[in-house]
Structure formats: C-alpha cells, structure tokens
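So the protein sequences, as listed, match chains V and C. Taking my numbering, the leading residue of the first sequence gets 2, the next gets one more, and so forth. Taking my numbering, the leading residue of the second sequence gets 5, the next gets one more, and so forth. Beta carbons are placed, not taken as given, at the ideal position from N, Cα and C, and that holds for glycine. As the structure is a prediction and not an experimental result, all values here were calculated from the model. This report concerns only the one structure given below.
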Amino acid sequence: MFEARLVQGNLLKKVVDAVKDLVTDANFDCSSSGFTLQAMDNSHVSLVSLSLRSDGFEHFRCDRNMSMGMSLGNLAKILKCAGNDDIVTMKAADDGDTVTFMFESPKEDRVSDFELKLMDIDSEHLGIPDTDYAATVTLPAAEYQRICRDLSSIGDTVVISATKDGVKFSSSGDVGTANITVRQNTTADKKEEQVSIDLKEPVALTFALRYLNSFAKATPLASHVSLSMARDLPVMVDYQISDMGHLRFYLAPKIED
Amino acid sequence: DDKQRTISSFFASA
C-alpha cells in the first residue's frame, strides 16, 4: 500500500494549483524514494516535473511502485476542502481504483476524508538529460511573475537574452516594444530580493509568454525561481520546494525553420 | 516567424 503524511498539507494544494491549468490529467508515480509527476501540456510544448522526496514527508510508506492517474481539476476540488493548516495524508491500496485524502486540523478537532477516483492515463515518459546550461538566473519568484505578466500586455513571445550585463526580457507587438533587464544583486538587504546570475556564455532564446505565465502560478511555492538556458534547448524554470524537492517546468523554444 | 517546437523533439521517450 501507499501512505504519505504531509504536515504542510497546503504545499500539495499549491503544487496542484500551479499545474492544473497546464495539465488536465496526470499520473502521480509513487516509489520508496518519493512522490513524482511528469506530464506534458496538451500541445506537448512544455513539460512539468514534480519531485517530492519521501524524507520530506512525516510518514511515507510505499510497498511497491505504483502510478495513480488523477484528474488535476478534481484533485484541486478536493484539496480546496482542506484547511490551510491541515495535515494531509494520502492513502491508496496496491490494487485499488481510488486514493483517499485525509485532512486533520492542527488542533485535531476535525478530521475529514475524501476519496478520489483514479483514472487510466496513457502517458509518455520523457528522459530529461543532464544539461550544462549556458546561463542560470535566480530571481525572486514574484519578480518573474511580474515580468511575464507585464510583457504579456505587449506581445505573445519573449526573447530572453543573458549577457554579462544581465538578463534581458524583450517583447514586441502591436502596442510597441518592451525590455526589462534584471542584473545580479546579491547584496540586497533582504534575501528575498536577491538576484544571482551564473553566466558561462551568452545565450538568447525565444519563448511563448503564455506558457511562462502559466508556470508563474507556482509563485506561492518558493521565494525564488531559477531560469536555466542553453542554446537551442528548452528553458528550465525551477521552483525549489524547501526540504522536499522541486517543481520544474521545461518549455521548448521557438526556433527558425 | 519562429516556429514553436514540441518538447518531445528535445527529450526522447524514457
């Protein structure tokens, strides 16, 4: 059987809220090492990769590897019924066709359980190669969200270019053009405002803003987000989930024919 | 215009 108890139950809610608009149905894979998900959006342009390590759970038991197909919309509906401070426990039998979510209030005066029907989902699993990225910029998650939102009012695509002067986000459309440059700032008073840039070589790539905007729904999960880019490769947008793992998004660039 | 590639054209099936 599978059983996992997460004291910070709202973390699961944040994860599902971050991906449910991008991915409709997905398989959650459980093994003794943790709880993971890999899924592409409907257009197969982006890939979501979630990893929650077993040691990040208060209790984690997985007797044999299993894949649980869920409708993320329905899962979000169920998790919405959990209190913000509730402890969430997931349970599933090895051969069952449901998964149970139990919510316990911190004062232990309210316990509820919700059963979600599992689905059979055919999903293609992709191998994500280790990549030596040319540039990685780590910036406040809220700043990334703002850049994507602001540029979306100007154009549909963004050119992200990393040089020694900083990382520039440029967009153009009927309205005009916009450029936003973020520079390294590792001496900001507040840690949450710091920006760091690791540049091995200059790189510039073009992406659809719609997807980058969608990834920003993960903002509540982490103070910072890292964008890693390499020439002619998908960008990796990485939200670290403290002491547990990560939620990563990969987006294929737009490339000349 | 640049063409949107799919993610599976970069990452092969595992």
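Subject >> Assumed close pair ILE122(V), ASP190(V) - CB separation to whole angstroms, cut-off 8 Å >> reply: Position 121 of the first sequence holds residue 122(V). Position 189 of the first sequence holds residue 190(V). With a Cβ gap of about 47 Å, ILE122(V) and ASP190(V) do not count as contacting.
Subject >> Simplified DSSP assignment, three categories, for ASP18(V) >> reply: Here residue 18(V) corresponds to residue number 17 of the first sequence, with the count starting at 1. Residue state, collapsed to three classes: helix.
Original post:
Using a Cβ-Cβ cut-off of 6 Å (strictly less than) and excluding sequence neighbours within five positions of MET264(V), which residues of its own chain qualify?
Top reply: The requested residue 264(V) does not occur in the structure, where chain V is confined to residues 2 to 258.
Subject >> Start-to-end residues for the beta strand (DSSP E) that takes in GLN241(V) >> reply: Against the first sequence, residue 241(V) aligns to sequence position 240. Note, GLN241(V): beta strand (DSSP E), 236 to 242.
Subject >> Residue nearest to SER124(V) in terms of C-alpha spacing, selected from SER224(V), VAL46(V), ASN28(V), LYS21(V) >> reply: Here the question's residue 124(V) lines up with position 123 in the first sequence. Nearest C-alpha to SER124(V): ASN28(V).
Original post:
Unbroken alpha helix (DSSP H) runs of length 4 or more, entirely within the stretch 191 to 240 of chain V: which are they?
Top reply: 210 to 216
**OP:** Mind checking which residues open and close the beta strand (DSSP E) that includes ARG6(V)?
**Re:** In the first sequence, the residue the question calls residue 6(V) occupies position 5. Note, ARG6(V): beta strand (DSSP E), 3 to 7.
Original post:
With 16 other CB atoms within 10 Å as the buried threshold, where does CYS31(V) fall?
Top reply: Position 30 of the first sequence, counted from the first residue, corresponds to residue 31(V). Classification for CYS31(V): buried.
**OP:** Whole angstroms is fine: what's the gap from GLN195(V)'s alpha carbon to LEU80(V)'s?
**Re:** On the first sequence, position 194 is the one that residue 195(V) refers to. On the first sequence, position 79 is the one that residue 80(V) refers to. C-alpha separation (whole angstroms): 32 Å.
Subject >> Beta-carbon contacts of ASP244(V) that lie in its chain and below 8 Å, excluding the five residues immediately before and after >> reply: Locating residue 244(V) in the first sequence gives position 243, where the first residue counts as 1. Result list for ASP244(V): GLY57, in chain order.
**OP:** Check each residue of the stretch 110 to 130 of chain V: if its Cβ is closer than 8 Å to any Cβ of chain C, include it; give the result in chain order.
**Re:** GLU125, HIS126, LEU127, GLY128, ILE129, PRO130
Original post:
Under the three-state reduction of DSSP, which class applies to GLU144(V): helix, strand or coil?
Top reply: Counting from one through the first sequence, the residue named residue 144(V) turns up at place 143. If DSSP states are grouped into helix, strand and coil, GLU144(V) belongs with the helices.
**OP:** Give the DSSP-derived three-state secondary structure of GLY1(V) in the structure shown.
**Re:** Residue 1(V) is absent from the model: chain V starts at 2 and stops at 258.
Original post:
Just how far apart, CA to CA, sit MET69(V) and ALA179(V)?
Top reply: In the first sequence, residue 69(V) corresponds to position 68, counting from 1. In the first sequence, residue 179(V) corresponds to position 178, counting from 1. Approximately 44 Å, taken between the alpha carbons.
**OP:** Could you run through the stretch 216 to 234 of chain V and flag, in chain order, every residue whose CB is less than 7 Å away from some CB of chain C?
**Re:** LEU234
Original post:
Okay, do the stretch 59 to 69 of chain V and the stretch 226 to 235 of chain V touch, 3+ Cβ pairs below 8 Å being the bar?
Top reply: no
Original post:
For ALA142(V) versus PHE61(V), is the C-beta spacing smaller than 8 Å?
Top reply: The sequence position of residue 142(V) within the first sequence is 141, counting from 1. The sequence position of residue 61(V) within the first sequence is 60, counting from 1. No, these two residues do not count as a Cβ contact at 8 Å.
**OP:** Indicate whether GLY156(V) and ILE88(V) have their beta-carbon atoms separated by less than 8 Å.
**Re:** As a working mapping, residue 156(V) is identified with position 155 in the first sequence. As a working mapping, residue 88(V) is identified with position 87 in the first sequence. No, they are not a contact pair.
Original post:
Can you list, in chain order, the residues of the stretch 233 to 256 of chain V whose Cβ is nearer than 7 Å to any Cβ on chain C?
Top reply: LEU234, PRO235, TYR251, ALA253, PRO254, LYS255, ILE256
Original post:
Which ranges would you report for the beta strand (DSSP E) in the stretch 33 to 98 of chain V if only whole runs of at least 3 residues count?
Top reply: 35 to 41, 47 to 54, 60 to 63, 67 to 72, 88 to 93
Original post:
Does DSSP put ASP157(V) in a helix, a strand or coil?
Top reply: Along the first sequence, one-based indexing puts residue 157(V) at 156. Residue state, collapsed to three classes: coil.
Subject >> Within 8 Å, strictly: CB atoms of ILE161(V) and LEU210(V) >> reply: For the purposes of this step, residue 161(V) is taken as the residue at position 160 of the first sequence. For the purposes of this step, residue 210(V) is taken as the residue at position 209 of the first sequence. For ILE161(V) and LEU210(V), no; Cβs fall outside 8 Å.
Original post:
From the DSSP output, which residues share a beta bridge with MET103(V)?
Top reply: Along the first sequence, read from residue 1 onward, the residue named residue 103(V) stands at position 102. THR90(V), ASP114(V).
**OP:** Please compile the residues from chain C whose C-beta is within a distance smaller than 8 Å of the C-beta of ALA209(V).
**Re:** The residue labelled residue 209(V) in the question sits at position 208 within the first sequence. Here the neighbours are GLN8.
Original post:
For VAL204(V) versus ALA253(V), is the C-beta distance shorter than 8 Å?
Top reply: Here residue 204(V) refers to the residue found at position 203 of the first sequence. Here residue 253(V) refers to the residue found at position 252 of the first sequence. No, the Cβ-Cβ distance between VAL204(V) and ALA253(V) is not below 8 Å.
Original post:
Can a CB atom of chain C be found closer than 8 Å to the CB of SER172(V)?
Top reply: Along the first sequence, one-based indexing puts residue 172(V) at 171. It does not; no Cβ of chain C falls within 8 Å.
Subject >> Nonlocal neighbours in the same chain, by C-beta distance under 7 Å from ALA149(V), ignoring five residues either side >> reply: Along the first sequence, read from residue 1 onward, the residue named residue 149(V) stands at position 148. With the sequence shown as reference, residue 149(V) is identified as Cys, and Ala is not the correct amino acid for it. LEU210, LEU213, ASN214, ALA217, listed in sequence order.
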